[in-house]
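Enquirer: I have a structure here, written as structure tokens, and I will follow up with some questions on it.
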Amino acid sequence: MTADTQVTDTTDAPGPAGGTLDAVGVSAWFGQRKVLEQVDIVMNSGEVTALIGPSGCGKSTFLRILNRMHELVPAATLAGSVLLDGEDVYGTALALTEVRRRIGMVFQKPNPFPAMSIADNVTAGLKLTGRRPADREALVEECLRRASLWDEVRGRLTAPAGGLSGGQQQRLCIARSLAVRPDVLLMDEPCSALDPTSTRRVEETIGELKEQVTIVIVTHNMQQAQRVSQRCAFFLAEEDSPGRVVEQGPTEQVFQHPEDPRTADYVNGRFG
Amino acid sequence: MTVTAPAGARPRSRVAAARRRPGAWRLSDSIELAAAAASSYVLTWLIFGRLMPFTVQPAGFAICWYALFLGAYWGVARDSSGPVVARDRIMAVLISTGAGLALAPLLLVIGYVVYRGLSSLRPGFLLETMQLTGPLQPATEGGGMHSILGTIEQVGIAALISVPLGILTAVYLNEVKGPIAAPARLVASAMTALPSVVAGLFVYALLIVRLRWGFSGFAGSLALAILMLPTVTIAAEQVLRIVPGSLREAALALGGPEWRAVALVVLPTARTGLITAVILGTARIIGETAPMMLTAVGTKILNPNPFGGIQDDLPLFVYHQIRAPQDTSVDRAWAGSLVLLILVLLLFLLARAGGQGGRRSGKGTRR
């Protein structure tokens, strides 16, 4: 790697944690089909924002628009803008790779790199962005601790990542996302492939991380949304129409005193 | 598991049951098989040796034996284990026969080359050339050192050219997915069927005659590279295609540019498969004779320089020796064939070891 540059900033001090994401009038299409219409959500730093709603209502699409993963799909288009601390991520001032580095993502299925060891997986993001950590071992330990995985893997950091259990792999993916020091972490149903114990560990991890990074989580699990999030947005796509945000606000309010009857039906499990 | 037995249920045995592996092959199964084979052989011999007034070809005898064996084995298996198992056994026999028939030509070819080659192969073959060996000297004189060196140089240069090009093309087809990916894939697929003599003619007409390069091992390498490139490309593309898309997404989501995602995640993940692609490409060209006759021509003397003058290689050595009228030359040709086989085998083992070794070191933390 000739383009490597040393990481000079030592962001160990817990400064103003996370960044604020502001989605303004976001609509999305796949080819001719419109899947999202006029979504406005503010995702504050220091908070966990949960996106809930039935399958196919555009939650994941919205999440992927936030860090420009949406455009990886051919024929995918969008309208509106996404502001990260006031800067448009679709503007010309921010490079595509810089947007994705600052807005990390954890996927539904754990996807550690199988050809790399556990430690190499953690630092993969640095290699991929052409940087070299000042102290690799410290970084690996710090990220694995923040993802609550350190105690389980400290003795086998050089073992292949494929040997971990599903829950451990998912936390490894979280550690990998944290290593590039993102301002925002997007999680697309991070627990849907995990057992209850692993789910609890990941939720604890989310609770510990929210002071350091802004978290946006898509979940199908009502209880999970209530447990981990402070704010909540309910997406719904009614028949033959694109997904919209029906209701959003503080999680407690959305779950206890929903304004819209459709929200009340959904959070009480009457459909979806 | 503690299950309360319902009232009136059969009392369960408390004795620990014998350990077994369902479906395992037991000694009695082997005895049944051997007995069925032996009895059907004897019956066949009885029919054609004693009862019938005529004898049959060995092939007819074998077919009759096989048919009787199937019947006998079915009867034995049914008596001992029941009709379900018997049907299972008969299918297993039929499928094993099919596999054996499919494998037979390969084993026959390798076996015959080893048998003929070993009789005249000796250490001197690897160290001597044909420079001072006349047509009437015994097969123990002379050797193929000049040819082995030529093969290694020519195939090595061809691989140096076509492996990077092939893998880059595969990356273009499957990762970049650029505008000419579809026509490029079509051309590559079509070129895998390119007759090798045409590749040789192309190099001969353009470089050797028109541009006056003259004959050389390098010209042969270029012809081989033309043949190897599409094979490596198509095989590598197939391998890249099975790398999960989720890994690419993960790499891009971390903020990596696409070229780093390919270099650091996609290619290392596909490593073993890419090595297989290279082996396939090498296997495609290492035995080529026709293009080499037009480019490297072949010689009896050692020419270690692939860039100047005619050069020999193992396929040419075999070709020239086996066309000679003397038996000693023919023996040498078989020895050359065996060396070529061994060379392919070594290459295969080396590549496999490289793949495994690379994977092991990949597990370690590199600093």
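Protein chains in written order, with the numbering used here: chain Y, 1 to 272; chain C, 1001 to 1367.
Where a beta carbon is used, it is the ideal one built from N, C-alpha and C, also for glycine.
Since we're looking at a predicted model, the values are computed, not measured.
Mark G1124/C as exposed unless 16 or more other C-beta atoms lie within 10 angstroms of its C-beta, in which case mark it buried.
Expert: Counting from one through the second sequence, the residue named residue 1124/C turns up at place 124. Exposed.
Enquirer: Taking CB distances under 9 Å as the criterion, tell me whether T97/Y reaches chain C.
Expert: Looking up residue 97/Y in the first sequence gives position 97. Chain C contact via Cβ: present.
Enquirer: At a Cβ cut of 7 Å, what residues of the segment 1253 to 1286 of chain C count as close to chain Y, listed as they run along the chain?
Expert: The residues in question are A1253, L1254, G1255, G1256, P1257, R1260, A1261, L1264, V1265, P1268, T1269 and R1271.
Enquirer: If you draw a straight line from the alpha carbon of A159/Y to that of E152/Y, how long is it in whole angstroms?
Expert: Mapped onto the first sequence, residue 159/Y falls at position 159. Mapped onto the first sequence, residue 152/Y falls at position 152. Using only the alpha carbons, I get a separation of about 12 Å.
Enquirer: Going by the DSSP bridge assignment, what does F234/Y pair with across the sheet?
Expert: The count along the first sequence starts at 1 and reaches residue 234/Y at position 234. For F234/Y, which the question treats as bridged, DSSP gives the partners I52/Y and E247/Y.
Enquirer: Between which residues of its own chain and L1165/C is the CB-CB distance below 7 Å, once the five residues before and five after are set aside?
Expert: For the purposes of this step, residue 1165/C is taken as the residue at position 165 of the second sequence. If we look at L1165/C and ignore the five residues flanking it on each side, its Cβ neighbours are L1229.
Enquirer: Strictly under 9 Å for the Cβ-Cβ distance: is V89/Y near chain C by that measure?
Expert: Position 89 of the first sequence, counting from 1, holds the residue named residue 89/Y. Chain C contact via Cβ: absent.
Enquirer: For a contact meaning CB atoms closer than 9 Å, what does T129/Y contact in chain C?
Expert: Taking the first residue of the first sequence as position 1, residue 129/Y is located at position 129. Within 9 Å Cβ-Cβ: L1254, G1255, G1256, P1257 and R1260.
Enquirer: Give me the DSSP bridge partner(s) of L1316/C.
Expert: Position 316 of the second sequence, counted from the start, is the residue given in the question as residue 1316/C. Answer is none; L1316/C lacks a bridge partner.
Enquirer: Tell me the residue span of the alpha helix (DSSP H) that contains Q1300/C.
Expert: Within the second sequence, residue 1300/C is the residue found at index 300, counting from 1. For the record, residue 1300/C in the displayed sequence is Lys; it is not Gln. Unbroken run through K1300/C: none, as it is neither H nor E.
Enquirer: On the three-state DSSP scale, how would you describe F30/Y?
Expert: Along the first sequence, read from residue 1 onward, the residue named residue 30/Y stands at position 30. F30/Y falls in the strand class under three-state DSSP.
Enquirer: According to DSSP, is Q273/Y helix, strand or coil?
Expert: Residue 273/Y cannot be examined here, being either before or after the span of chain Y that is shown, 1 to 272.
Enquirer: For chain C, check one thing: does any of its Cβ atoms lie closer than 9 Å to the Cβ of M116/Y?
Expert: Position 116 of the first sequence holds residue 116/Y. Judged by the 9 Å Cβ criterion, M116/Y is in contact with chain C.
Enquirer: Examine chain Y for any beta-carbon lying closer than 9 Å to the beta-carbon of E1249/C, and answer yes or no.
Expert: As a working note, residue 1249/C is residue 249 in the second sequence. Chain Y, which has a Cβ nearer than 9 Å to the Cβ of E1249/C, makes this yes.
Enquirer: Verify whether the separation of the beta carbon atoms of P110/Y and L172/Y is less than 9 Å.
Expert: As a first step, residue 110/Y must be located in the first sequence, where it is residue number 110. As a first step, residue 172/Y must be located in the first sequence, where it is residue number 172. Result yes, Cβ atoms of P110/Y and L172/Y sit closer than 9 Å.
Enquirer: Closer than 8 Å between beta carbons: that is the criterion. Which residues of the segment 1233 to 1246 of chain C meet it against chain Y?
Expert: Residues P1244 and S1246.
Enquirer: Can you tell me the Cα-Cα spacing of A1077/C and P1083/C, whole angstroms?
Expert: Position 77 of the second sequence, counting from 1, holds the residue named residue 1077/C. Position 83 of the second sequence, counting from 1, holds the residue named residue 1083/C. Rounded to whole angstroms, A1077/C to P1083/C spans 8 Å at the Cα level.
Enquirer: According to the Cβ coordinates, are R202/Y and P190/Y closer than 9 Å?
Expert: Here the question's residue 202/Y lines up with position 202 in the first sequence. Here the question's residue 190/Y lines up with position 190 in the first sequence. Note on identity: in this sequence residue 202/Y is Val, with Arg being the wrong assignment. Yes, the Cβ-Cβ distance between V202/Y and P190/Y is below 9 Å.
Enquirer: Can you tell me whether R1019/C is buried or exposed? The criterion is at least 16 other CB atoms within 10 Å of its CB, across all chains shown.
Expert: Position 19 of the second sequence holds residue 1019/C. Classification of R1019/C: exposed, given that the 10 Å Cβ count is below 16.
Enquirer: How far does the alpha helix (DSSP H) with A76/Y in it reach, from first residue to last?
Expert: Position 76 of the first sequence, counted from the start, is the residue given in the question as residue 76/Y. Segment A76 to L84 is the beta strand (DSSP E) holding A76/Y; no alpha helix (DSSP H) there.
Enquirer: So which residues of chain C does M105/Y contact, with C-beta pairs closer than 7 Å?
Expert: Here residue 105/Y refers to the residue found at position 105 of the first sequence. Neighbours of M105/Y on chain C, chain order: A1253.
Enquirer: Just to confirm my understanding: we take L1222/C, look at its own chain, exclude 5 residues before and 5 after, and list those with CB closer than 8 Å. What are they?
Expert: Here residue 1222/C refers to the residue found at position 222 of the second sequence. For L1222/C, where only same-chain residues beyond five positions count, the Cβ hits under 8 Å are A1158, I1161, V1203, L1207 and T1295.
Enquirer: Could one say the Cβ of K210/Y lies closer than 9 Å to chain C's Cβ atoms, at least one of them?
Expert: Looking up residue 210/Y in the first sequence gives position 210. No, no contact with chain C.
Enquirer: Check whether the segment 1249 to 1259 of chain C touches the segment 123 to 131 of chain Y, taking contact to mean three or more Cβ pairs, one atom from each stretch, closer than 8 Å.
Expert: These segments touch.
Enquirer: Using the three-state DSSP reduction, which class does S117/Y fall into: helix, strand or coil?
Expert: Along the first sequence, read from residue 1 onward, the residue named residue 117/Y stands at position 117. If DSSP states are grouped into helix, strand and coil, S117/Y belongs with the strands.
Enquirer: Of all Cβ atoms in chain C, is any one closer than 9 Å to the Cβ of A124/Y?
Expert: Position 124 of the first sequence holds residue 124/Y. Yes, A124/Y counts as interfacial toward chain C.
Enquirer: Got a sec? Which residues, its chain only, sit under 7 Å from N67/Y by beta carbon, not counting five neighbours each side?
Expert: Taking the first residue of the first sequence as 1, we reach residue 67/Y at position 67. Cβ within range, chain order: V99, R100, I103, M105 and L186.
Enquirer: Give the DSSP bridge partners of S1040/C, in chain order.
Expert: Taking the first residue of the second sequence as position 1, residue 1040/C is located at position 40. Paired residue(s): none; S1040/C is not in a bridge.
Enquirer: Mind checking T77/Y: buried by the 16 CB within 10 Å criterion, or exposed?
Expert: As a first step, residue 77/Y is located in the first sequence; it is residue number 77 there, counting from the start. The residue is exposed, with fewer than 16 neighbouring Cβ atoms inside 10 Å.
Enquirer: Quick one: list the residues of chain C neighbouring K109/Y, beta-carbon separation under 7 Å, in chain order.
Expert: Numbered from its first residue, the first sequence carries residue 109/Y at position 109. What K109/Y touches in chain C: S1246.
Enquirer: Contact between the segment 204 to 224 of chain Y and the segment 236 to 251 of chain Y: three or more CB pairs below 8 Å?
Expert: In short, these stretches do not touch, since the Cβ pair count stays below three.
Enquirer: Can you give me the start and stop residues for the beta strand (DSSP E) that A1055/C sits inside?
Expert: Residue mapping note: residue 1055/C aligns to position 55 of the second sequence, counting from 1. It should be noted that the sequence gives Thr, not Ala, for residue 1055/C. Per DSSP, T1055/C belongs to no beta strand (DSSP E) and is neither H nor E.
Enquirer: Using the beta-carbon of each residue, which ones in chain C are nearer than 8 Å to L72/Y?
Expert: As a first step, residue 72/Y is located in the first sequence; it is residue number 72 there, counting from the start. Within chain C, the residues near L72/Y are E1249 and L1252.
Enquirer: Using the Cα positions of A1086/C and R1021/C, report the straight-line distance between them to the nearest angstrom.
Expert: Here the question's residue 1086/C lines up with position 86 in the second sequence. Here the question's residue 1021/C lines up with position 21 in the second sequence. Going from the Cα of A1086/C to the Cα of R1021/C covers about 19 Å.
Enquirer: Check for me: the alpha helix (DSSP H) holding G1200/C runs from which residue to which?
Expert: The residue you call residue 1200/C lines up with position 200 of the second sequence. Start and end: S1196 to V1203.
Enquirer: Is it the case that the Cβ atoms of G31/Y and A75/Y are separated by a distance below 9 Å?
Expert: Position 31 of the first sequence holds residue 31/Y. Position 75 of the first sequence holds residue 75/Y. Contact flag set, yes.
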